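Working notes, beginning with the structure itself.
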Amino acid sequence: MLYFYAEMRPKSCAGCASEERLFHTLFSHYNQFIRPVENVSDPVTVHFEVAITQLADVDEVNQIMETNLWLRHIWNDYKLRWDPMEYDGIETLRVPADKIWKPDIVLYNNAVGDFQVEGKTKALLQYDGMITWTPPAIFKSSCPMDITFFPFDHQNCSLKFGSWTYDKAEIDLLIIGSKVDMDDFWENSEWEIVDASGYKHDIKYNCCEEIYTDITYSFYIRRLPMFYTINLIIPCLFISFLTVLVFYLPSDCGEKVTLCISVLLSLTVFLLVITETIPSTSLVIPLVGEYLLFTMIFVTLSIAVTVFVLNIHYRTPTTHTMPTWVKTLFLRLLPQILMMRRPLDKRREARSAKTPNGVSRGPAKGKVDHHGEPPPLQECCHCHQPKEPATGKRRLSHQPLRWMTDHTEPSPEVEDVMDSVQFIAENMKHQNQTKEVEDDWKYVAMVVDRVFLWVFIIVCVFGTVGLFLQPLLGNTGSS
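Structure follows, in structure tokens:
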């Protein structure tokens, strides 16, 4: 066993010595500040690729996208070549990145932190001079965001990479592949990367005459709206449809206005709770903000309409006179359109058929018209006629009623009874007319309630559908 250990130890030390000797040979006269080209006019071709590992955060208010990336740089350095046969077959060597020349590729649209990645990671050297350097980086890039369709919005954020000091004549950037490498990507709970394509651009800036090369990756991301749908939109939908039920509540119920105000207060408290979850920006009004505003206006209008309906419901003939157009519109036309049947119409017909003709006074002489007397009075007068003949005034006072009413004036007692009966009949008639007018006003209020019930249902449904169809139509148009 000691023999095998002795046989292996020199080889291991020989390998270490060969690697140390190779490192000393490569970097003894190496200058990491000089471009690795044999001819000064030749550019250094740098192959560049971005691999994303995590979409850390998307800040809509500050318009910043935070990403965890791996930046893969590949180029050739002719000064770092060797023959593997001379160094015990060593074909690769890992060296600190600050020992070699590196392209100064930075993120142009960086918002917070360093524009350039740190060179603390090691680079992989191959014997033919190819260098692969893949440093990890956390970038917070600027991203103009349009939250009009929040929470059903799509954002297009770009990452623009390029050399800060070298133009195209000195560094030529070539993109590896056409998309961002997402093999090691961790899914985000709020955002989904729909597409991440890369493009190369040669741009001449106003500051300089040289042409600079950059590689821009466009991240087309889509928000996952489940959280906001459950916690924002569905409660607002329930509040909106609860407001519609106010118009189905009878006006006699004292809780009609109370329900409206309770819904408004609940919506106000709900808005205070969800304020932090909505992006606070004054550039545009988010879709969910528009819907909350729509719901608030909806509830406020329902309170105003409810007050108006209650005002109609409690009107009386002594305070308001019903116009003819109100009778025509709300008692005849709209009930037919809304398929409302009023049971009171049949009862009116039955009641009018049973109502007596009433009592009326006779001509100016004070005589009573027997055609206007009620039947009970006639029966009562006939029932007091005597069975045996009498003399004098007694016989005269018990003549038949027809003869008495035609040839004599009524006694004061009978006239008082007649006046009382007429007063009672007129009073009952007046009360019936007043009750009928009050019932008409109540029915008008019911018709107005039913009209606004359908109006608010239509507005609620079409308003909700119209608002939430905007993201679909907008995305279809943009695509």
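In my numbering, the protein residues as written are 40 to 518.
Here a beta-carbon is modelled for each residue, glycine too, at the ideal position from N, C-alpha and C.
This one's a predicted model, so the numbers in the text were calculated from it and none came from an experiment.
Once the 5 residues before and after residue i are set aside, which same chain residues still bring their CB inside 7 Å of it?
| i | result |
| --- | --- |
| Q509 | F188, L326 |
| K404 | Its pLDDT being 40, under 50, K404 is placed unreliably in this model, and the value from its coordinates should be taken loosely. Cβ neighbours of K404 beyond the five flanking positions: none. |
| W172 | H112, A136, K141, A162 |
| T345 | V285, K295, V296, C299 |
| S181 | Q102, I103, N148, A150 |
| K138 | F66, Q71 |
Considering only the alpha carbon of each residue, which of the options lies closest to residue i?
| i | options | result |
| --- | --- | --- |
| S80 | Y244, D234, M221, I210 | I210 |
| Q7 | E448, L146, C299, A162 | No answer is possible for residue 7: it lies beyond the span of the chain, which begins at 40 and ends at 518. |
| F491 | D220, L276, L288 | L288 |
| H359 | I317, D479, D488, G328 | D479 |
| T252 | L340, V83, V456 | V83 |
| L370 | V85, V486, W140, V504 | V486 |
| M104 | L281, C196, Y256, M379 | C196 |
| E77 | K118, V85, K141 | K118 |
| P175 | L331, L110, E315 | L110 |
| R133 | N107, N149, F462, G168 | G168 |
| D153 | W140, K179, L61 | K179 |
| T282 | F62, S67, V494, R60 | V494 |
| D127 | I170, R60, A95, F66 | R60 |
| P356 | S341, E477, M335, I313 | E477 |
| N149 | F200, W140, I113 | F200 |
| S228 | H193, V323, L94 | L94 |
| L198 | T503, L332, N107 | N107 |
| T503 | A464, L372, T334, V453 | T334 |
| D192 | T204, I317, I313 | I317 |
Can you grab the Cα-Cα spacing for the pair residue i / residue j, in whole Å?
| i | j | result |
| --- | --- | --- |
| V308 | V302 | 10 Å |
| E88 | F258 | 14 Å |
| E58 | P135 | 14 Å |
| Q102 | V338 | 34 Å |
| G328 | F72 | 55 Å |
| G158 | S321 | 41 Å |
| P142 | K161 | 15 Å |
| C292 | P451 | 51 Å |
| L544 | D222 | An answer regarding residue 544 cannot be provided, because it is not within the stretch 40 to 518 covered by the chain. |
| Q417 | K468 | Any reading at Q417 is ruled out, since the residue's pLDDT is 42, under 50, leaving its predicted position unreliable. |
| L271 | F280 | 15 Å |
| D488 | E475 | 20 Å |
| V398 | M361 | Here V398 scores only 42 on pLDDT, less than 50, and its place in the model should not be relied on; the value that follows carries that caveat. Answer to the nearest angstrom: the Cα atoms are 29 Å apart. |
| D220 | L311 | 42 Å |
| L506 | I278 | 16 Å |
| I144 | K207 | 13 Å |
| S290 | R261 | 48 Å |
| S217 | D234 | 11 Å |
| T367 | K295 | 27 Å |
| Y69 | E125 | 20 Å |
| P274 | T92 | 36 Å |
| S67 | W114 | 21 Å |
| D98 | H352 | 53 Å |
| Y267 | D96 | 17 Å |
| D241 | I336 | 52 Å |
What first and last residue would you give for the alpha helix (DSSP H) that runs through residue i?
| i | result |
| --- | --- |
| Q375 | 373 to 376 |
| S301 | 295 to 313 |
Name the two residues that bound the continuous beta strand (DSSP E) containing residue i.
| i | result |
| --- | --- |
| F87 | 83 to 98 |
| G201 | 193 to 202 |
| L284 | That residue, L284, is in no beta strand (DSSP E); it is neither H nor E in DSSP. |
| T316 | From DSSP, T316 is part of no beta strand (DSSP E); its letter is neither H nor E. |
| K161 | 161 to 165 |
| L108 | 103 to 115 |
| V156 | Where V156 is concerned, there is no enclosing beta strand (DSSP E), given that its DSSP letter is neither H nor E. |
| R133 | 131 to 135 |
| M379 | Counting along the chain, M379 falls outside any beta strand (DSSP E), and DSSP gives it neither H nor E. |
| V79 | Run containing V79: none; DSSP gives neither H nor E here. |
| A176 | 175 to 181 |
| D211 | 210 to 214 |
| N149 | 149 to 151 |
| M169 | 169 to 172 |
Could you name the residues of the same chain whose beta carbon sits closer than 6 Å to that of residue i, not counting the 5 residues immediately before and after it, in chain order?
| i | result |
| --- | --- |
| D458 | none |
| K406 | In this prediction, K406 has a pLDDT of 40, which is less than 50 and means its spatial position is unreliable; what the coordinates show is noted afterwards. So the list is empty, once near-sequence residues are dropped. |
| L212 | V85, F87, T252, I254 |
| Y238 | T255 |
| T473 | P356 |
| W140 | Q71, P75 |
Starting from the C-beta of residue i, find all residues in its chain whose C-beta is less than 8 Å away, skip the five residues before and the five after it, and write them out in chain order.
| i | result |
| --- | --- |
| E130 | P123, Q165, Y166 |
| M40 | With a pLDDT of 42 at M40, under the threshold of 50, the modelled position of that residue is not reliable, and no figure is offered here. |
| V500 | none |
| Y244 | Y251 |
| P183 | Q102 |
| R380 | P374 |
(request) Go through the stretch 233 to 274 residue by residue and report every complete run of the alpha helix (DSSP H) that reaches 4 residues or more, in order. (result) none
(request) Please go through the stretch 338 to 372 and give each complete alpha helix (DSSP H) segment of 4 or more residues, from N-terminal end onward. (result) 363 to 367
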